[in-house]
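One structure is given here, and the rest of the page talks about it.
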Amino acid sequence: MVSPIILIAVPLGLAFLTTLLGLLSEKLPKYIPAVAMAFNLVVSIRLLPHALQAPIVAKTVGLSPPFSIHLVAGPLGMMLSVLISLVGLVIAAYAIGYMGREARSRYHALYLLLLTGATGVVLTGDLFNLFVFFEILCISSYALVGYRGDKPGIESAAKYLIQGAVGSSLALVGIGFLYGLFGTLSMADIARNITSVSPMAVFISMAFLVTGFGVEAAVFPLNAWLPDAHSSAPSSISAILSGIAIKAGIYAVARVVFTVYGADAILVFVAVVGLVTLLVGEMSAFRQKNIKRLLAYSSIGQMGLIVFALGLASARGVEGALFLVVSHAFAKALLFLSTGYMIYRTGSMEISSLHGMGRRMPVSSLCFTIAAFSLIGLPPFIGFPGKFMIISAALAKADTLFTVLIAIALFGTVVEGAYFFRIVQGLYFKAVPEDAGANLGEDVEAPLSALVPICVLAVAIVAVGVCPYVLTRYLGAAAADLLDRAAYIRHVLGV
Amino acid sequence: MIAFQTFLVLVMIVAALRAARAKDLMDAVIACALVSLMASIIFYFLHAPDVAMAEAAIGAGLTAAIFIFAINRTERRE
Amino acid sequence: MRTVVSLMLIAIVAAGIIVSLSQAPVGAEAARQEGRLKQDDVNFGRYYNNRALEETGAANVVASVVVSYRGLDTLGEVAVLFIAALGVATLLRTKQERKPKGEVEQASLIVFTGCRFLFPLILLFAAYIFAHGHLTPGGGFQGGAVTASGFVLIYLGCRGRAVGAKQLSATESLSGLVFVITGLVGLALGGSFLLNFLPRGTTYALFSAGVIPIIYIAIGLKVSSELGGIVGTLAGEGE
Amino acid sequence: MSFLENYIHYLGSFGLILIGLYVVLVKSNLVKVIIGINLIDTGVNLFLISVGYIRMGTAPIFSRATTTAEGMVDPVPQALVLTAIVIGVSVLGLALSVAIRLYGHYGTLDLRKIRDLKW
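Chains as they are written, first to last, in my numbering: chain W, 1326 to 1820; chain R, 993 to 1070; chain B, 11 to 249; chain V, 4 to 122.
Now the structure itself:
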């Protein structure tokens, strides 16, 4: 069995290699992210069965935890690592064609580093190391959002950068408090000692950490950057930001709240924050006329639902949240990728310019429809089991409060359904607008290099939707990984 | 000893306030470099010579330089 | 309005910090005063201070923490700097119309000569700092920052002379690879990443502490080229 | 006096953090905001170092004069701060290049005037 550390070290090394190859050849660098992610996918799948039995604790410099940085590749971490490398591979393959003209070796190196940061976040067992990988993730996304250097890209990069930088400084203050209190940085070690200090002092450090990581996770008051950043970036970057980057943020918040602090008292608050995020996201999405902004707001709404489900804190709720993480990663990546060429062909991001696309770009439109229906939660797509699990988990609480909350959440889903149906109706049943597309020939379907990745995601959405068991059998262990602090501490520290 | 460190902290805070208030960005950058310099001396007194070196070289030197390059390419007044 | 809301936010943060500090004593000094530090072996700082010299052979405990015990952090951190260098180069890649060499306003002869005289000395000093990182204060980051200040001097004093972007890029890639490969060799030989697989040598000697000087020199070169690249691009001399 | 000895560095660091936060929240000039972020970074670094400080301690470096680990200050925060300083300068470089590009597009750095995208 190989050490999970190569999931981080090898992509990092390849990212360093990318710019070197970029000096030698124009063509080589663009294949490196795909190669690295394929490698990660194979290794993660090989490691997943081991991780399901017991978390793999990988030590560095030959010291056992907590005295050196250690990776904890538990069921949840490995599951997310598989997800990251799968989605990363698909989008990397898409980007070979899509970014072909404008991407240079720098784009590919930054993209690979973003994914490496996300992988590091989900695998590490050390709080400061989590922060460092989080910074890799955030800083490469700042650079990628502004990659094109056009007006909206630069403006949203500036906003994103300011909020992200302040957030990560606050998180660092929280880490400083924790180190000052406990003299240790290992998350398991902190979790073991957390009750030995006055709850108020602990609460403040948690507030700092959650605020800091919450900026990337896009929970309600901290998400002003998201619609701009996700809509101004190149489509392949929007896909990875919506699909993976915010999930890593959610993972960091959840890991800190559940495992490090075991803070059951604030979970109702978390559920309410999630609900507000959901409503704000869906309501704003409803008003949008720009397709990419609409998708970005819809991401906020879905993140709200995930946070709400985590706030239920029951095993079933967390399982639902994790299912939704996977389904949203697939569906939102697919939505951004399939609209990528539509926007490129029509040259406009207005929803009205997509009218009649169903006949001109049939495959892209079909995939868009599949992903949209999956997000709404229609069977037989992957979104349905996730939403169903969350609803049943909320009802299983047998608490009037949660019943009311889930009713409000369902209202949000209805709004979501309304705007996605509107778009799909436009795709298939509206006439092609006169002005848009005069410059389009007959053959406007996306090239094969884009269709293959898109279709892979679409097939995955339908396949997992029809047969959710392939995913749900891992969820029990993954949810336990997040909720069962005692087991986590026991596995890492061996006490 | 503690009196001297208190003095350094006070100078640092005053410089930070100056950086916050100054309308001329070049002023603010110089005040910012002074903050880093004071922080670097404080690091030395806190028995952190490695960090003191890094802060003096990066915080007080390089940061100010890249700020000034950037201000040269944009505008100087707030 | 905005000011009032901001001040309220700041007040909340300040109140939180004050409450936190008054509720529980934070820091090593507080722990020492309460006598908590005696019994525990859990405290990272205690553990490293007691073991570092014996385990890594580096006299500078901070160097062994940075390069060895928390080496993965450092790898992540050079990656962050790499990202910044790439990002700055990407954002500013549209070249300003570069003035031909003759029209560049030259610094005065004294400044020009002074810069040309000082630059090699600065580089030598930087190399000293990062080669002795495991023995004395200093190391890869500090040395790299000093090199970059040397570059600043060149950009100020000898206008129109750019440091080759290709060479910088190649240096940063190669030194990054050296770091990763050293770590992976440790993984292959001893089963854990960044394992110190070379002999420790005599303490206080230049060639001691196993892989620590190798990695620190790689970090030094990498940080030098990255910071140099950032400074150069921002100064408008890069590309 | 004991209060001052225990808390002066914390006071300084949190003073810097709060001043920086004020600048980030209130000022609208992008370069000024970046200066605020820089102040916050310095404050956080000072906080981390003061966490590891032991009075009457020694620097964590062995030499012919210092041969025992007794009384050495905590080396871990110093390592963390080295990391944090470098991350800080990375963000700063990126932020300033974004500012330069923004100025190229809009001819101003005033964030109140740059409102093409809105909520």
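Each residue gets a CB set at the ideal place from its N, CA and C atoms; glycine is no exception.
Just to make sure I have the definition right: I need the residues of chain R whose C-beta is within less than 8 Å of the C-beta of residue i. Which are they?
i       : result
V:Asn32 : Leu1017 and Glu1070
Cβ closer than 9 Å: which chain W residues qualify as neighbours of residue i?
i        : result
B:Gly220 : By Cβ distance, chain W contributes nothing, its closest Cβ being about 11 Å from B:Gly220, past 9 Å.
V:Val26  : The contacting residues do not exist; V:Val26 stays about 11 Å from chain W at best.
V:Ala68  : Neighbours of V:Ala68 on chain W: none; closest Cβ ~27 Å, over 9 Å.
Let me check one thing: in DSSP terms, what residues is residue i bridge-paired to?
i         : result
V:Asn32   : V:Asp113
B:Phe203  : W:Thr1385
R:Arg1069 : R:Asp1016
W:Ala1398 : W:Ile1381
V:Ile64   : B:Asn70
W:Glu1675 : W:Asn1615
W:Ser1511 : W:Asp1451
What does residue i touch in chain V if you count any residue whose Cβ is under 9 Å from its own?
i         : result
R:Gly1051 : Asn41, Asp44, Thr45, Asn48, Ile88, Gly91 and Val92
Against residue i, what residues of chain B qualify as contacts under a CB-to-CB distance less than 7 Å, listed in chain order?
i         : result
W:Lys1484 : None at all; the shortest Cβ gap to chain B is about 15 Å.
V:Asp113  : What V:Asp113 touches in chain B: nothing, since even the nearest Cβ is about 14 Å away.
R:Arg934  : In this structure chain R extends from 993 to 1070, so residue 934 of chain R is not present and cannot be described.
R:Phe1061 : Leu244 and Ala245
W:Met1403 : Residues of chain B passing the Cβ test: none, with the nearest at roughly 18 Å.
V:Ile117  : The premise fails here: V:Ile117 is roughly 16 Å from chain B at the closest Cβ pair, so nothing lies under 7 Å.
Using 7 Å as the threshold, is the C-beta distance between residue i and residue j below it?
i         : j         : result
V:Pro63   : V:Pro80   : no
W:Phe1709 : B:Ser183  : no
W:Ser1465 : W:Leu1497 : no
W:Val1601 : W:Phe1545 : yes
W:Gly1681 : W:Lys1617 : no
W:Ser1652 : W:Gly1606 : no
V:Ala2    : B:Val75   : What the structure shows of chain V is the stretch from 4 to 122, and residue 2 of chain V is not part of that stretch, so it cannot be assessed.
W:Gly1501 : V:Val54   : yes
W:Leu1462 : W:Gly1499 : no
B:Asn79   : B:Val71   : A small fix is needed here, since residue 79 of chain B is Tyr in this sequence, not Asn. Contact: no.
W:Leu1659 : W:Ala1696 : yes
W:Ala1334 : B:Gly193  : yes
W:Ile1786 : W:Phe1655 : yes
W:Ala1621 : W:Pro1552 : yes
If you measure from the CB of residue i, is any heavy atom of the ligand ADP nearer than 6 Å?
i        : result
B:Ala158 : Of the ligands one can find in the structure shown there are none, so the ligand ADP has no counterpart to examine.
For residue i, return the contacting residues in chain R, with the cut-off set at a CB-CB distance below 9 Å.
i        : result
B:Gly124 : In chain order: nothing, as chain R lies at least about 17 Å away.
B:Leu91  : In chain order: nothing, as chain R lies at least about 11 Å away.
Could you tell me whether the Cβ of residue i comes closer than 7 Å to any Cβ of chain B?
i         : result
W:Ile1565 : no
W:Val1522 : yes
R:Met993  : no
R:Ile1034 : no
V:Ser100  : yes
V:Thr18   : Note on identity: in this sequence residue 18 of chain V is Gly, with Thr being the wrong assignment. Taking Cβ atoms only, chain B never reaches closer than 7 Å to V:Gly18, which makes this a no.
Which residues of chain B have a Cβ atom closer than 8 Å to the Cβ of residue i, listed in chain order?
i         : result
V:Val76   : Ala38 and Gly55
R:Leu1054 : Ala155, Ala158, Ser159, Val162, Leu237 and Val241
V:Gly55   : Gly37, Ala38 and Gly55
Would you say residue i faces chain V, with C-beta separation under 7 Å as the test?
i         : result
W:Val1581 : no
B:Leu82   : no
R:Leu1026 : no
Taking C-beta pairs closer than 9 Å, name the residues in chain B that residue i reaches, listed in chain order.
i         : result
W:Leu1435 : Ile93, Leu96, Gly97 and Thr100
I want to verify the contact list: residues of chain W whose CB lies under 8 Å from the CB of residue i, in sequence order.
i        : result
B:Gly200 : Gly1387
At 7 Å on the CB atoms, spell out the chain V contacts of residue i, in chain order.
i         : result
R:Ala1020 : Lys35 and Ile38
Do we get a CB-CB distance below 7 Å when we pair residue i with the residues of chain R?
i        : result
V:Ile22  : yes
B:Phe151 : yes
V:Leu97  : no
Quick one: does residue i have its CB under 7 Å from some CB of chain W?
i       : result
V:Ala82 : no
V:Leu51 : yes
Please list, in chain order, the chain V residues whose beta carbon lies closer than 8 Å to that of residue i.
i         : result
R:Val1006 : Chain V residues near R:Val1006: none, gap ~10 Å exceeds 8 Å.
Please list, in chain order, the chain R residues whose beta carbon lies closer than 7 Å to that of residue i.
i       : result
B:Val72 : Asp1042
Please determine if the segment 1396-1409 of chain W and the segment 1417-1425 of chain W are in contact, where contact requires at least 3 C-beta pairs separated by less than 8 Å.
Not touching, per the Cβ criterion.
At least three beta-carbon pairs within less than 8 Å, the segment 1009-1018 of chain R to the segment 32-43 of chain V
The segment 1009-1018 of chain R is in contact with the segment 32-43 of chain V.
Taking contact to mean 3 or more Cβ pairs, one atom from each stretch, closer than 8 Å, check whether the segment 134-147 of chain B and the segment 1499-1518 of chain W are in contact.
Judged by Cβ distances under 8 Å, the segment 134-147 of chain B makes no contact with the segment 1499-1518 of chain W, as fewer than three pairs qualify.
Are the segment 1373-1392 of chain W and the segment 1346-1359 of chain W touching, with three or more C-beta to C-beta distances below 8 Å?
Contact fails: fewer than three Cβ-Cβ distances are below 8 Å.
Across the segment 17-29 of chain V and the segment 18-26 of chain B, are there enough close Cβ pairs to call them in contact, namely three or more that are closer than 8 Å?
Yes, the segment 17-29 of chain V is in contact with the segment 18-26 of chain B.
Between the segment 999-1009 of chain R and the segment 1030-1043 of chain R, can you find at least three pairs of beta-carbon atoms closer than 8 Å?
A contact exists between the segment 1030-1043 of chain R and the segment 999-1009 of chain R.
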